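Position one of the sequence shown corresponds to residue 32 (our numbering), numbered consecutively onward. Here's the structure we're looking at; comments come further down.
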Amino acid sequence: MRVSCVQITSGSFVILQFLFDLLPSSSGLGHRIFNPATRVQISLGAFNFNYYWRAKFMSVLVVLGTQWGDEGKGKVVHYLAEQADLIVRYQGGNNAGHTLIYQGEPFVLHLIPSGILFPEKTCVITNGVVIDPKAFKEEIDILHSKRIPTDKRIFISEQAHVILPYHRIIDGIFESYNIKIGTTKKGIGPAYADKVNRLGIRVIDYLEDSVFKELLEKNLNAKAPILNSQNVNIAKLRQEIITEHNELAPFLKRFVLDTRLLLEKSINNNKKILFESAQGSLLDLDFGTYPFVTSSNPTVGGICCGAGIEPKKIKNILGVVKAYTTRVGEGPFTTELSNKVGDILRYKGQEYGATTGRPRRCGWFDAVIVRHSSKVNGINHLILTKLDCMAGLDKINICVAYKYKGNIYKDFPASRTIQKSAVPIYEEMDGFTGKIKGITKFNDLPINAQKYVKRLEQLVGVKIDLISLGRKRDEVIEVTENINWFN
Ligand code: IMP
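The structure is reproduced here in structure tokens:
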């Protein structure tokens, strides 16, 4: 159904509504004719008619991280998933870790979108994701053990590439002799490298026995030098992969389809689609702190290639931002606090990796990186998390720019040297105390907490519409009330 409003802007005004039911929404014709941005002005004597074409199909919402991951996207997606029909992962793999609360218990998902906890929602893993069939099955088994239904609710793309045991081994080998990145060792980088090298095995190839075996041989041959260098027993590895494949291919089959087509149909049928990014924008292969990044594009551009949807269908882009900064793994971190304050933030925020258990590095809020993320992604809403973990600090610093060799950098610099050696220029604010958790109105926050939030908004240039103050779904302040996130 499409609706248009006609507004007479001079003289008296009348609002007419026309329902265009003649075009079935499934035909896909409607969206080409009635672009929602279309405004047609017609003059009739003294009257100007403005036609605003609106269509409900523009319900694509993106939730992504604005720092180095672990901003609390899982909680935000869980909060918004109730309003969505489909929740979609478009990049990364089981390197992600989203901690959710289910029936009062913390619960970690690595690959399957957080929307799975709502029984009526559909979860989609698209072509841009790398899927470890073994890890996928383990996650499905966990869901079943919790009596969470998965049948006809989870779909994986036939074009996604698979992670196989040799990818995990090579991930570990690279870490020991290449630049140490501090990867999750889940085989993510090597699987994406195979994709780019055109050696990769896609889900559809994995399901075709003869194709899979042929590609497996090619891959084992290509990787023999590196595997031999570490005395890996290739014959044993081959057998392990084939045994796993015999079990996992039939298991995987029931989840596989053309997810691009599924999304196209869903968009044409006015479904609400929530894209859930993994990792954070500063871990983006192109826009992050290269080479200390993940091997995919968590930034918004990753959705078009990683899921096959048209860029113009993406409307609302929500950036999730932690009230301070954390990072796991190696790489530059200008505002890192290797002191007691860093320890306090780690302790209060329980900053330990959900996938690897590693302690996260902690530091002050860095407006340079969040501004960078906001520009790269076109973020139009910010969601601030973990403000409660900052309560009790006497003074709070915010990094407003970097300084290197006498030069000031307000925009994030690409140079590794500057990223590594720049010093932060801080703005100091008074801290806040008291019990923040449980507050549901912005004005009930301590005044210094309010000032902090407002300053972050100013520095990043995007409004903070929601503040999260705890792990539970309802521990939030709706700074802007009644937002229709899917509009
Ligand atoms: P990989 O994605 O395992 O290749 O790791 C590359 C970098 O991204 C490392 O610094 C990891 O610690 C980091 N990383 C990967 N996934 C996440 C995540 O979900 N949260 C935070 N850091 C991540």
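Ideal Cβ placement from N, Cα and C applies to all residues, glycine included. Note that the structure is predicted; figures quoted are calculated from it, not measured.
- In terms of Cβ geometry, asparagine 347 and tryptophan 99 do not form a close pair [threshold 8 Å].
- Distance from the CA atom of glutamate 245 to the CA atom of threonine 215, rounded to whole angstroms, is 29 Å.
- Of the candidates Ser297, Ile400 and Phe282, Ile400 places its Cα closest to the Cα of glycine 319.
- The beta carbon of glutamate 382 sits closer than 8 Å to those of Asp101, Thr357, Leu376, Pro390, Arg391 and Cys393, all from its chain and outside the five residues before and after it, given in chain order.
- Of the candidates Leu487, Lys417 and Asp425, the residue whose Cα lies closest to the Cα of arginine 402 is Leu487.
- Within the region 240-314, the runs of beta strand (DSSP E) at least 3 residues long that lie entirely inside it are, in chain order, 304-307.
- Lysine 468 and valine 507 have their C-alpha atoms spaced approximately 9 Å apart.
- DSSP places glutamate 367 in the strand class (E or B) of the three-state scheme.
- Ile194 is the residue among Val234, Ile194 and Leu247 whose C-alpha sits nearest the C-alpha of tyrosine 223.
- By the Cβ-count criterion, phenylalanine 443 is buried, with 16 or more other Cβ atoms from all chains shown falling within 10 Å of its own Cβ.
- Within 7 Å of the C-beta of valine 372 there is not a single heavy atom belonging to the ligand IMP.
- Residue state for asparagine 228 is assigned as coil, using DSSP reduced to three classes.
- Beyond the five residues adjoining it in sequence on each side, glycine 213 comes within less than 6 Å, by CB distance, of Gly360 and Glu361 in the same chain, given in chain order.
- Going by C-alpha positions, arginine 504 is about 47 Å away from lysine 249.
- The three-state reading of DSSP puts glutamate 459 in strand, counting E and B together.
- The alpha-carbon of isoleucine 147 is positioned some 8 Å away from that of isoleucine 179.
- As computed with DSSP, tyrosine 383 is found in a beta bridge with Pro390.
- Isoleucine 187 is a Cβ neighbour of valine 234, given a cutoff of 8 Å.
- For the set Phe205, Ser327 and Ser145, the Cα lying nearest the Cα of valine 107 is the one of Ser145.
- Near the ligand IMP, meaning a Cβ closer than 5 Å to any of its heavy atoms, lie the following residues in chain order: Gly100, Asp101, Asn126, Ala127, Gly213, Thr214, Thr215, Ile219, Gly220, Gln310, Leu314, Thr325, Val359 and Gly360.
- Between serine 90 and lysine 302, the alpha-carbon positions lie close to 7 Å from each other.
- A straight line joining the alpha-carbon of isoleucine 204 with that of asparagine 513 spans about 50 Å.
- Of the other Cβ atoms in all chains shown, fewer than 16 fall within 10 Å of the Cβ of glutamate 509; this residue is therefore exposed.
- In this structure, the straight-line span from the alpha carbon of arginine 229 to that of proline 150 is close to 38 Å.
- By the beta-carbon neighbour count (other beta carbons within 10 angstroms, threshold 16), phenylalanine 282 is exposed.
- Shown here, glutamate 509 sits in a strand according to DSSP, grouped into three states.
- Counting other Cβ atoms within 10 Å of its Cβ, lysine 417 reaches 16 or more and is therefore classed as buried.
- The three-state reading of DSSP puts aspartate 397 in strand, counting E and B together.
- Around the CB of lysine 371, fewer than 16 other CB atoms lie within 10 Å, so the residue is classed as exposed.
- Around the beta-carbon of proline 322, fewer than 16 other beta-carbon atoms lie within 10 Å, marking it exposed.
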